[in-house]
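Residue numbers (the working numbering), protein chains in the order written: chain H, 28 to 305; chain Y, 28 to 305; chain W, 28 to 305; chain S, 28 to 305; chain A, 28 to 305; chain V, 28 to 305. In what follows, a structure is listed as structure tokens, so that the remarks can point back to it.
6 protein chains.
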Amino acid sequence: MFSHVKELQYNAKPERPDPVYAKKLQEILGGQYGEMTVMMQYLFQGWNCKAEGKYKDMILDIGTEEIAHVEMIATMIAQLLDGAPAHDQEQGAKDPAVEAVLGGMNPQHVIVNGLGAQPNDASGYPWNARYTIASGNLLADFRANLNAESQGRLQVVRLYEMTTDPGVRDMLSFLIARDKMHQNQWMAAIEELVKSQGAVVPSTFNPEFEKQEVAYSFMNFSEGEESSTGRWVNGKALDGVGTFNYVQNPGAGQVPFLKVPPNYTHGTPPTNGVNPMQ
Amino acid sequence: MFSHVKELQYNAKPERPDPVYAKKLQEILGGQYGEMTVMMQYLFQGWNCKAEGKYKDMILDIGTEEIAHVEMIATMIAQLLDGAPAHDQEQGAKDPAVEAVLGGMNPQHVIVNGLGAQPNDASGYPWNARYTIASGNLLADFRANLNAESQGRLQVVRLYEMTTDPGVRDMLSFLIARDKMHQNQWMAAIEELVKSQGAVVPSTFNPEFEKQEVAYSFMNFSEGEESSTGRWVNGKALDGVGTFNYVQNPGAGQVPFLKVPPNYTHGTPPTNGVNPMQ
Amino acid sequence: MFSHVKELQYNAKPERPDPVYAKKLQEILGGQYGEMTVMMQYLFQGWNCKAEGKYKDMILDIGTEEIAHVEMIATMIAQLLDGAPAHDQEQGAKDPAVEAVLGGMNPQHVIVNGLGAQPNDASGYPWNARYTIASGNLLADFRANLNAESQGRLQVVRLYEMTTDPGVRDMLSFLIARDKMHQNQWMAAIEELVKSQGAVVPSTFNPEFEKQEVAYSFMNFSEGEESSTGRWVNGKALDGVGTFNYVQNPGAGQVPFLKVPPNYTHGTPPTNGVNPMQ
Amino acid sequence: MFSHVKELQYNAKPERPDPVYAKKLQEILGGQYGEMTVMMQYLFQGWNCKAEGKYKDMILDIGTEEIAHVEMIATMIAQLLDGAPAHDQEQGAKDPAVEAVLGGMNPQHVIVNGLGAQPNDASGYPWNARYTIASGNLLADFRANLNAESQGRLQVVRLYEMTTDPGVRDMLSFLIARDKMHQNQWMAAIEELVKSQGAVVPSTFNPEFEKQEVAYSFMNFSEGEESSTGRWVNGKALDGVGTFNYVQNPGAGQVPFLKVPPNYTHGTPPTNGVNPMQ
Amino acid sequence: MFSHVKELQYNAKPERPDPVYAKKLQEILGGQYGEMTVMMQYLFQGWNCKAEGKYKDMILDIGTEEIAHVEMIATMIAQLLDGAPAHDQEQGAKDPAVEAVLGGMNPQHVIVNGLGAQPNDASGYPWNARYTIASGNLLADFRANLNAESQGRLQVVRLYEMTTDPGVRDMLSFLIARDKMHQNQWMAAIEELVKSQGAVVPSTFNPEFEKQEVAYSFMNFSEGEESSTGRWVNGKALDGVGTFNYVQNPGAGQVPFLKVPPNYTHGTPPTNGVNPMQ
Amino acid sequence: MFSHVKELQYNAKPERPDPVYAKKLQEILGGQYGEMTVMMQYLFQGWNCKAEGKYKDMILDIGTEEIAHVEMIATMIAQLLDGAPAHDQEQGAKDPAVEAVLGGMNPQHVIVNGLGAQPNDASGYPWNARYTIASGNLLADFRANLNAESQGRLQVVRLYEMTTDPGVRDMLSFLIARDKMHQNQWMAAIEELVKSQGAVVPSTFNPEFEKQEVAYSFMNFSEGEESSTGRWVNGKALDGVGTFNYVQNPGAGQVPFLKVPPNYTHGTPPTNGVNPMQ
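Following this line, the structure appears as structure tokens:
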């Protein structure tokens, strides 16, 4: 169960409106790696969590924080849209500066949302739940979370570079710091799980049943062997068990063979020159 | 540029058809973390790669391998669908076993694909490109890749448990081994990048411009403090720079305030009892 | 800003697992009119709200409650999935009852979510943000909300009929009551707004600029005139301004005419018998 | 069965081309609340209608009219795109006015559609069927319809403000009037149904089986009680049965508890420090 | 402008309900190649048509017919859903036949649509506008139409094989005949256009500006040369201009080279061992 | 199984960056008829192919070539994005030319992809698998392929007109030639199949079971008879079997009748003035 207080988690007040930037800022609200993604991902991971209580509590703490991040960015966008030049100018007296703003805006911000934020990304594409994962395996999911916070912080940093508004930058500097913490947090939680379970997901599959011969081999599927010089082909594998090796010319398996399909599928008939029906 | 050989990378031949299992197997072909995802993700990361040559080559090696994994699973599905009971049975003589198969199949396998594989997941939902990321930052993307291989191997292992067919299990045991290698590979590549860049993405943002006060704080947004006992609140942060701390009652920022919208948006008018138009 | 307590808003405990029903219950979690829809719709309407404070507070109260409804249903689904028969049975010893369960389940509940809830509907289709609206006009949006609560309660009632599990029914009886309240709530809020603004959205458009001749006419576009006997063609219009009338044979406007497209679009060339290029 | 006449329902002829506006106008053609939505929603409601004949006839009358609205807007867009500046200008001689037009256009109007309309919204997002509902309960669906006409008219009015072209405004003034009629029409039909069925959807669920204690309570889930001053917490509920009350501190239900998942799901193993496999 | 008559174009009455088949039949209603696709595709092609009047008239004739096909199939599905076993059975007394039906049904047919048709495919995936094309080039579009009618008839034929209900088969036999006519119709229209324009789309591009060296070459990108024996590598090309040839080892072009990205993108920094920020 | 060489299939090097054009070029990379579509469509058709070996080999040859086309366009886009003006300019000193570029760019090219290509179309809409078909019937699928190459070449030609950059035009002239070859190729393969199977898909359905009366009739569903003058209503049908005829006033079938739905669906109750519950 949740409750709401009227204060934002931090400040979200631009110095001046900027409807073109509002369109861009949508990316970290409703985009693939925006705050809606981490909010819903963490909440579902928390609600589905079957592991120790400290994990469930931790995941729901951060999930609850992310709702507040969505709130801050939505609030910021609504203010950036203030005074958007939505009216048409007279033919022959068009101001290129105004036209450029109109060209760079998302017209749905006016038509659909009346100068409010929308749960979409910077292309106007709606947020969808396939951006999230709750797999029931925390090590797998914490890697998803570390990735989401890494992509997310990268995008916030890029958006920081794209504005000079002190109010916007103030809010972004807060999000950039929180995303650093959240990267550290998931790295810490991963470290803890790897210690007890090992580094490969899932740790519980019996290795006898996997094809051991190819479990530590880097396979070269291209001309040139630059790929043979990295850590991923030299030394002990990161799971602490196997040793990397490099396969220059990987072998092959079966040649596939598919049966002729049954008549009721009306697939391509044998092409022996006889028209089957006429 | 690419070329094709007729052999599969490994074997893909079931002992007997199983159209219900064919539906399930679609998840690792066209699902969120199926082989199409890693194939397209790695290819785009490789084509966009602006870093050292060994990374581009390595990424395209594995991307090229993943095309072969898609090929194997598609081939397997087409064979699992052989002899699917697509015909209706006479009313009054329905065989429950046949009906159960019909209920568990994806009817599109017959109607749309004529007993062939489709680029969809186990719910029939089509693969889409938002499953992938190529951000231009390799550390961020390698975390995406490690996550994809972790979720992917977890799903393959679950599918292994859901069949007893030796041919299917043989192919899956190959994929399970490759996914272990690929987890190890991305862990190794991450280790290499973290050594030179540090652990936080992006490493190039000037920390003076981020809100340092909250950059290492775990914030408790719920009743109960189980979340205070993990590695993520104790000791040095994983980036080797800051130190974790726990904030029991996180502070708050501004109360948001939005201006009345301009007339041309026709938003809610002031509700002072006067009907504005009539 | 939000905070979380560990108690659910109400009970969510089934008497026994039922993985087939878990699939169905997804509809009111992640479907078009599920709890995620009202949760996100109300939160965005609240965050974007530029009207009087009591509206913003009211909308965020109910938006915050809806997060708790998502939590309850997710929790219920995770329990309904307990003990799902995911293992394959031996060929020749298949139990029809087990097979029927397998056929009726969503296989992603095992493969993707490890027996947890997913943010999707009963077909496995992911929730997306186009299910929601925050238009900046509260009367319009409250009608969206009343519709959502009406469709939502209808679906919950149908799901109530589809189970006999006392624990599931207990939770649903709570949601059914809340959805009744929420329908009443939006009707009350609509009544209040209609009193001050009038019943037509938006109320602020100058009626002189609309085509008055057709503003109260029901137009008959079909054979048969059963449609002439309803309230919608008899008496005063519901906005209290015009009077309904019935148009048996609606008139028509222009015949459309489109110019030949410019060459650079390479549309269909004039078909005068001359092959334009060869 | 349907038939077509060559006249549009009304005029659809702009005074001059305006490809930037053409992009915006797509919203009311193929957007969430565009004419395709009401067209398909009404047609499916009509085809599925199991109630009295006058409802089926009425719904199909308006559904048939909406096809003509789609036709008018598509025709308008095709004309607005005439003469779009699709050609590239020489480097160094770029005209800012032309560039602004190019920036504000949807490039797919040229590349994909050869200066024709597309069944998408103002962001280029394709129309999809989840925008519609046909629930089998007319009161629920008429509320969906009233919402659609309210959101739709709001969007048309905003688009009216965004152009000064007399031909475009002429067509929009027709649509604005029809949308007023359609709001009135659905309000009238709702009034009729509420009289016979009551105001809560569905009316046929036995109230004994719902949790009466919370069926008329407004629950306060936030700091501050501005929400206690509206019609929704004062007086008789709008269904004419209960009485509203305000709950300042809503109670809570169970603390959720989930079982450890079975081994075959390979979820997170107990974290007791023992690596389970190696 | 359109009008509606109450008769269907043909009969649509099943002998008995069959809710499992109703799910399958959705494919040709709201699927990729269902009737909604051809309906919307032809209507948009007709509305956008800038060619001779006979084409516009012909396209809108068939587009209008397709609305009637959607109507017939929707009506059929609503009847097939009659009496669907939606109620839960008592634990311990489950009838396998009923369970199989429940497993094979789309639960949304009850929960969302109250036993009515939905605008979705056989997987419950909603129809979307990207299934259609109106390119402004009739030869291109008529090929899209011929494909749609070919895929569509194939699916209807497969569905014919999947039922023995005489009423369903009667309706399908009508659709199968119409789809044959429509294939013939588009072939005839293509023949006409190819005569005047040539066979390659678009015919208006100056061949001097295309890379003539590769305009008639089949390129072998795989081991094995079975592909060298078809019509596509032997003789005159179908456009009547060039001559096919077979390239056993296709040459290659540039090796790609991408510049290091600018700092403001925060891409991967040079990996020279120096951590750039710390 | 596949392998990669470092050379592109042809050149892909622009003379200068043009981030606005990069957005447009996305259409033929990740759009409905972009190279990803033909790549995935041909690969799945090839993997599922159950016909003669020469078809499988031919389809996989061209599918493999298309991967190289995706690679070329992605590489081109990454270079067109070089030096994109992502930084904000100081208020009051905005350069209209820079603003126009910013307005015409896809902001995700910076924020999400760090100046790399994305698997989306010119509106930023992600590629999805419903753009492809592999039906199991080669004649149907080759028509899909001919359509895809026709739409694709049309789009490439339009993009050729929209740039003057010699490097971009060089690459496009290659693709335009290949798309001509591929149209010729599919026409040739279709000719071959039609010779053996006949022209109607599927050829294997017994014509006795289709409604012969309407199998060669063009039906006029609109005022005006311009549609009676084309090839499609005059002479022998293209399948060489029937003869076209024109039906001026097509007849009609049943009037649909739907039963009152069962109580458990809680649809609209009989509207006899009695409120059913209260």
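From the three backbone atoms N, C-alpha and C, an ideal C-beta is built for every residue, glycine too. These numbers were taken from a predicted model, which means no experiment stands behind them.
Check	Outcome
Test: E62(A) CB closer than 8 Å to a CB of chain S	no
Where P153(H) sits in the DSSP three-state scheme	strand
Under 8 Å between C-beta atoms of P41(Y) and M132(Y)	no
For V137(H), the nearest candidate out of Q212(S), K222(S), E54(S), F248(S) (CA to CA)	E54(S)
Same chain only: Cβ atoms within 6 Å of V65(Y), ignoring 5 sequence neighbours per side	E93, A175
Inside the region 247-299 of chain A only - beta strand (DSSP E) runs reaching at least 3 residues	272-274
Within chain V, partners of L181(W) - CB distance below 7 Å	H293
Beta carbon proximity, A144(S) to chain H, threshold 8 Å	no
Counted within 10 angstroms of its Cβ, other Cβ atoms place R43(W) as buried (16 or more) or exposed	exposed
Residue-chain proximity (H209(A), chain S), Cβ-Cβ < 8 Å	no
Nearest to T91(A) (by Cα), restricted to the options E240(A), K77(A), P123(A), Q36(A)	Q36(A)
Short Cβ contact (8 Å threshold) for R157(H) with P153(W)	yes
Amino acids of chain W, ordered along the chain, whose beta-carbon sits closer than 9 Å to that of I160(S)	Q59, Y60, N174, Q178
Closest by C-alpha distance to P277(A), when choosing among G73(V), A95(V), Q68(V), K207(V)	A95(V)
R23(W) at chain V interface by Cβ criterion, 8 Å	Because chain W in this structure spans residues 28 to 305, residue 23(W) falls outside the shown range and cannot be described.
Contact belief for A161(H) with G58(H) at Cβ below 8 Å, rounded distance in angstroms	Actually they are not in contact, since the Cβ atoms of A161(H) and G58(H) sit about 19 Å apart, beyond 8 Å.
Span separating the alpha-carbon of T256(S) from that of K81(W)	7 Å
Buried/exposed call for T270(Y), threshold 16 Cβ in 10 Å	exposed
Start-to-end residues for the alpha helix (DSSP H) that takes in R71(A)	Looking at the sequence provided, one finds Phe at residue 71(A) rather than Arg. Unbroken alpha helix (DSSP H) run through F71(A): 62-75.
CB contact below 8 Å: Y48(V) versus chain H	no
Any chain Y beta carbon closer than 8 Å to S249(A)	yes
In DSSP terms, what F245(W) is bridged to	Y273(W)
Cβ contact check for the region 196-213 of chain S and the region 238-250 of chain W: 3 or more pairs under 8 Å	yes
F232(H) (DSSP reduced to helix, strand or coil)	coil
Three-state secondary structure (DSSP) of S162(W)	coil
Of the residues G251(W), T292(W), A105(W), G225(W), the one placed nearest Q275(W), counting alpha carbons only	G251(W)
Within chain Y, partners of E54(W) - CB distance below 7 Å	Here the premise fails: no neighbours, minimum Cβ distance about 13 Å.
Spatial distance of I89(Y) from Y69(Y) (CA atoms)	7 Å
Residue from K222(V), N247(V), K50(V) whose Cα sits closest to the Cα of D266(V)	K222(V)
Minimum C-alpha distance to S230(S) - residue among E253(W), A204(W), A215(W), N233(W)	A204(W)
Buried versus exposed call for P193(Y) [16 or more other C-beta atoms within 10 Å across all chains shown]	exposed
Residue burial classification, D109(H) (beta-carbon count within 10 angstroms, cutoff 16)	buried
Within 8 Å of chain H by C-beta, residues of the region 268-292 of chain Y in sequence order	G269, F271, P277, A279, G280, Q281, V282, P283, L285, K286, P288, P289, Y291, T292
Interface partners of E253(W) on chain V, CB under 9 Å	Chain V residues near E253(W): none, gap ~13 Å exceeds 9 Å.
Inter-residue spacing [alpha-carbon to alpha-carbon] between L285(H) and L56(V)	31 Å
Any C-beta of chain A under 8 Å from that of G131(W)	yes
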